[in-house]
Structures are given as C-alpha cells and as structure tokens.
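> I'd like to ask you about the structure that follows.
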Amino acid sequence: MILHMAPSHGWIEVVCGSMFSGKTQELIRRLKLATIARQKVQVFNSNLDVRYAKQHIVSHDKSMLACRAVKNSRDILKAVDKDTQVVGVDEVHFFDPEIVGVCQKLADSGRRVIAAGLDQDYRGEPFINMARLMAVSEFVTKNLAICMVCGAPAHFSQRLSESGRRIEVGAADKYEARCRKCFTPEK
Numbered sequence: 001m002i003l004h005m006a007p008s009h010g011w012i013e014v015v016c017g018s019m020f021s022g023k024t025q026e027l028i029r030r031l032k033l034a035t036i037a038r039q040k041v042q043v044f045n046s047n048l049d050v051r052y053a054k055q056h057i058v059s060h061d062k063s064m065l066a067c068r069a070v071k072n073s074r075d076i077l078k079a080v081d082k083d084t085q086v087v088g089v090d091e092v093h094f095f096d097p098e099i100v101g102v103c104q105k106l107a108d109s110g111r112r113v114i115a116a117g118l119d120q121d122y123r124g125e126p127f128i129n130m131a132r133l134m135a136v137s138e139f140v141t142k143n144l145a146i147c148m149v150c151g152a153p154a155h156f157s158q159r160l161s162e163s164g165r166r167i168e169v170g171a172a173d174k175y176e177a178r179c180r181k182c183f184t185p186e187k
C-alpha cells in the first residue's frame with residue numbers, strides 16, 4: 001500500500017518475485033495510474049530484455065507500455081527529463097550494480113521510482129542488485145506466482161533449459177514458477 005507523500009519528496013518502490021508473478025504487470029499498472037494523474041512518467045528497461053519488444057515493457061499477458069531500452073544504469077540518469085515525476089525501471093536484475101545508486105539519486109531528486117525485477121535466479125540465489133535496492137527502498141511488494149507442478153504459491157523460477165549462464169532471457173519456453181517443495185535448483 002502506497003501512502004500519500006508530498007510531491008517534493010522522492011521514494012523508491014520495488015516490485016519483486018519469481019517469473020510469472022506479475023511484476024511487470026504491476027509496474028505497468030502503477031505507471032499508468034501515474035499517467036492518469038497527469039504526472040510525467042518515463043520508463044526504462046535493459047536492452048538485454050528482447051523477449052517481446054525492444055521499445056516496450058511487456059508483461060506475459062501482453063500488457064505493454066512504451067519504454068526506452070538502455071545499455072547501463074548511467075544511461076537512465078542521462079535520459080531522465082528535468083520535469084519527470086515518476087521513473088519506472090523494469091528487469092532491474094539485468095542492470096549493473098550502479099542501478100541502486102541511480103535509483104537513490106532519482107529518489108533524492110524528488111522523484112517516485114518504481115523498480116521491478118526478479119529477486120532470485122534459477123538456483124534460488126538472490127540477485128544482489130535487487131537485494132540492495134529492497135534494503136534502501138521505502139516500499140517492497142513481493143509477488144507470488146502459482147506453482148506449475150502442484151498449484152501452491154510459488155516464489156522460485158525453475159529453469160527448464162540446459163544452460164550454465166546465470167542470465168538466460170526467456171519466458172515460458174525456458175522457465176516455470178515453482179513452490180518450495182517442487183523447486184529443484186541446479187547447482
């Protein structure tokens with residue numbers, strides 16, 4: 001629940017969880033509400049996220065919002081307009097470690113920052129960027145998915161493909177949401 005805060009005060013909101021938990025959908029919902037409230041919104045995504053569209057953040061249910069794909073977190077600071085009130089960042093786990101400082105600078109300058117991303121990798125290990133960002137944010141929302149094996153609440157992302165890379169961009173072709181009981185991490 002987001003409390004009313006004075007327009008001159010910035011803050012950070014984090015939406016995290018596993019694959020298929022609705023993180024991007026929630027980010028889009030919050031950003032659209034800010035737009036309806038006539039706030040200037042800018043949206044950013046990592047250029048690594050090429051699953052659905054390069055110039056849009058897209059949820060798995062195909063909700064979308066225009067964004068700017070950037071190579072690194074410093075590019076966000078360079079691209080934010082002076083009159084922007086709300087900054088959305090999707091797929092935070094794809095960014096370099098400076099993303100935490102970038103979000104803090106934006107919030108310190110009086111902006112509302114809404115950041116979404118995975119909190120754990122396919123092994124169940126935390127993404128450090130997300131852990132650090134959650135620690136300094138004012139609001140954290142952890143979404144749960146539904147386990148694709150048993151239907152229980154799920155907070156793990158089970159990788160289905162054979163890959164040793166920590167970051168493997170994909171959707172239902174490469175991942176399933178799993179509960180604690182059904183999750184089998186690859187070590």
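With the working numbering as the guide, the letters of the sequence shown map in order to residues 1 to 187.
Even glycine gets a Cβ: it sits at the ideal position worked out from N, Cα and C.
Closest to F94 by C-alpha separation, out of C179, P126, C147, would be which residue?
P126
> Give the straight-line distance between the Cα atoms of V43 and L65, rounded to the nearest whole angstrom.
8 Å
> Relative to the C-alpha of S137, which residue among R111, G151, G124, L160 is closest?
When the alpha-carbon of S137 is set against those of R111, G151, G124, L160, the nearest one is in R111.
> Can you round the beta-carbon distance between I12 and A145 to whole angstroms, since I take them to be within the 8 Å contact cut?
Their Cβ separation, rounded to whole angstroms, is 23 Å, which puts I12 and A145 out of contact at 8 Å.
> Does the separation of the CB atoms of Q217 and V113 fall below 8 Å?
Residue numbering for the chain in the displayed model covers 1 to 187; residue 217 lies beyond these limits and cannot be assessed.
> Using a Cβ-Cβ cut-off of 8 Å (strictly less than) and excluding sequence neighbours within five positions of C179, which residues of its own chain qualify?
C147, V149, C150, A152, P153, A154, H155, F156
> Which residues bound the beta strand (DSSP E) around C182?
Here C182 belongs to no beta strand (DSSP E), and DSSP marks it neither H nor E.
> I'd like the list of long-range same chain contacts for M130, defined as Cβ closer than 8 Å, with 5 residues on each side in sequence excluded.
For M130, where only same-chain residues beyond five positions count, the Cβ hits under 8 Å are V14, C16, V92, H93, G117, L118, D119.
> Would you kindly check if the distance between the Cβ of N47 and the Cβ of A69 is under 8 Å?
Closer than 8 Å, so yes.
> Using a Cβ-Cβ cutoff of less than 8 Å, which residues in the same chain neighbour G10 once the five nearest sequence positions on both sides are dropped?
L106, A107, D108, S109, G110, R111, R112, V113
> Which same chain residues, not among the five before or five after K186, have their C-beta less than 8 Å away from its C-beta?
Here the sequence assigns Glu to residue 186, which means Lys is not the residue at that position. Counting only Cβ-Cβ distances below 8 Å, and skipping sequence neighbours, we find Y122, R123, R159.
> Evaluate A37 with the Cβ neighbour count: other Cβ atoms within 10 Å of its Cβ, from every protein chain shown; 16 or more gives buried, anything less gives exposed.
exposed
> Would you identify the three-state DSSP class for Q104, choosing helix, strand or coil?
Taken through DSSP and simplified to helix, strand or coil, Q104 comes out as helix.
> Taking 7 Å as the limit between beta carbons, can you name the residues of its chain near F183, skipping five residues before and five after?
G124, F156, Q158
> Who does D143 pair with in a DSSP beta bridge?
One point to set straight first is that residue 143 is Asn, not Asp, in the sequence displayed. Paired residues: G17.
> Taking the straight line between their C-alpha atoms, what separation do you get for K174 and A115?
23 Å
> Going by the CB atoms, is the gap between L31 and V41 shorter than 8 Å?
Yes, Cβ-Cβ distance for V41 and L31 is below 8 Å.
> Could you give the uninterrupted runs of the alpha helix (DSSP H) lying entirely in the stretch 37–122, keeping only those of 4 residues or more?
As far as the stretch 37–122 is concerned, its whole alpha helix (DSSP H) runs of at least 4 residues are 73–79, 99–108.
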